[in-house]
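Numbering (my numbering), first residue to last: 29 to 284. Note that beta-carbon positions come from the ideal geometry of N, C-alpha and C, so glycine has one too. Please read all numbers here as calculations on a predicted model, not as lab measurements.
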Amino acid sequence: MGAPLQRLDGKVIVLAGGAGGIGSATAQRLAAEGARVVVGDINHDAAQQVAADITASGGAAIGARVDIGNRESVDALVDLAMATWGRLDGLHANAADLSVQHLDSNALEIDLDLWQHILQVDLTGYLYCTRAALPHLLVSGGGALVYTSSEAAFYGEDVRVAYAVAKSGVNALMRHVARGWGKQGIRANAIAPGLVLSPTVAALPQEFREQVLAGTCSTRLGDTADIAAMVAHLMSDDGAWVQGQVLSVNGGSLFH
Ligand SMILES: NC(=O)c1ccc[n+]([C@@H]2O[C@H](COP(=O)([O-])OP(=O)(O)OC[C@H]3O[C@@H](n4cnc5c(N)ncnc54)[C@H](O)[C@@H]3O)[C@@H](O)[C@H]2O)c1
Numbered sequence: 029m030g031a032p033l034q035r036l037d038g039k040v041i042v043l044a045g046g047a048g049g050i051g052s053a054t055a056q057r058l059a060a061e062g063a064r065v066v067v068g069d070i071n072h073d074a075a076q077q078v079a080a081d082i083t084a085s086g087g088a089a090i091g092a093r094v095d096i097g098n099r100e101s102v103d104a105l106v107d108l109a110m111a112t113w114g115r116l117d118g119l120h121a122n123a124a125d126l127s128v129q130h131l132d133s134n135a136l137e138i139d140l141d142l143w144q145h146i147l148q149v150d151l152t153g154y155l156y157c158t159r160a161a162l163p164h165l166l167v168s169g170g171g172a173l174v175y176t177s178s179e180a181a182f183y184g185e186d187v188r189v190a191y192a193v194a195k196s197g198v199n200a201l202m203r204h205v206a207r208g209w210g211k212q213g214i215r216a217n218a219i220a221p222g223l224v225l226s227p228t229v230a231a232l233p234q235e236f237r238e239q240v241l242a243g244t245c246s247t248r249l250g251d252t253a254d255i256a257a258m259v260a261h262l263m264s265d266d267g268a269w270v271q272g273q274v275l276s277v278n279g280g281s282l283f284h
């Protein structure tokens, strides 16, 4: 592979949920393309480590703890970007609490506290990110909001009801933002990854992974870098006319 593109020189981008598989790959990619990145995650140590790795390889990043399900915490993350670099050009809302996915069952059986928790983190957290970032993006003269959705929003699975509802809501939120602020230079898009081998997913049984691979039109499952590349595209001027879309990056597991 050649030298990385430099499409994000000088941009300041906040990543909410930046320490996991997709998040850390995205933070690295954005920084490699010249962005200054605030890596926020509920896992504070991991966020600091991602930022330290970026800094060690010559990029600009700071790590911080954020609970995306807590409005003050999200506001503080965006405030940190403003206090450190004085502007904001993009935000990627990427966090999801996948640690409870095995308990996310169906409409009859799901525990209602769990339902509320998943919606709070995986959906309302994305609203908090939007509310915190939008005013600053408008002051910057425009900017990009990228939301991580999921193919689960389209499948109609008989499990993961709360996750699918949350991700469907993320798609609706994204379209609302694109319609509401597009004329003021805000671009909002969502990425719906297929099965991506983040550490969380790589730990799933091999049989399951083979089954999913068989359902794709690709020679492999997803790599975190596949999603990071799409985020970088959407954050850059190369994505200038991509607006209000849910972009499937899925090796052809589902066509739209
Ligand atoms: N990996 C896949 O196959 C896949 C497929 C479709 C969608 N996604 C989506 O991609 C995103 C990243 O997933 P991943 O596979 O990298 O998983 P991951 O578990 O590695 O990453 C999720 C990150 O979110 C963080 N997080 C959890 N709760 C949080 C909170 N309350 N506040 C802030 N951060 C919090 C975690 O600490 C973790 O770093 C998620 O939104 C997920 O739904 C992943």
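Test: residue i CB closer than 8 Å to a CB of chain B
i	result
Trp209	In the structure shown, chain B does not exist; there is a single protein chain.
Residue interval of the beta strand (DSSP E) (run including residue i)
i	result
Leu131	Note, Leu131: premise wrong, no beta strand (DSSP E); not H, not E.
Val67	Arg64 to Asp69
Ile90	Ala88 to Arg93
DSSP three-state assignment for residue i, whether helix, strand or coil
i	result
Ser178	coil
Gly272	coil
Ile41	strand
beta-carbon residue i near ligand 1 non-hydrogen atom, thresh 7 Å
i	result
Gly45	yes
Thr176	yes
Gly91	no
Ser292	Any answer about residue 292 is impossible in this case: the structure gives the chain only from 29 up to 284.
Leu223	yes
Ala160	no
Ile146	no
Pro233	no
Val94	yes
Thr112	no
Ser226	yes
Asp125	yes
Run of the alpha helix (DSSP H) containing residue i, from where it starts to where it stops
i	result
His72	His72 to Ala84
His120	No alpha helix (DSSP H) holds His120; the beta strand (DSSP E) holding it covers Gly118 to Ala121.
Ile285	A question about residue 285 goes unanswered here, because the residues of the chain that appear run from 29 up to 284.
Arg99	Arg99 to Trp113
Ser52	Gly49 to Ala60
Val146	The identity of residue 146 in the sequence shown is Ile, whereas the question assumes Val. Residues Leu140 to Leu147.
| Any 3 or more C-beta pairs closer than 8 Å across the segment 244-264 and the segment 197-204 | no
| query | At which residue ranges does the segment 168-237 contain complete beta strand (DSSP E) runs of 3 or more residues, listed in the order of the chain? | reply | 171-176 and 214-221
| said: I want to know whether the segment 101-114 touches the segment 74-87 - three or more CB-CB distances under 8 Å. | reply: no
| Can we say the segment 129-146 touches the segment 51-68, given the rule of at least three CB pairs closer than 8 Å? | no
| query | Quick check: the segment 203-221 against the segment 231-239, are there 3 or more CB pairs under 8 Å? | reply | no
| Any 3 or more C-beta pairs closer than 8 Å across the segment 157-175 and the segment 220-232 | no
| field | the segment 47-59 contacting the segment 248-263, beta-carbon criterion three pairs below 8 Å | value | yes
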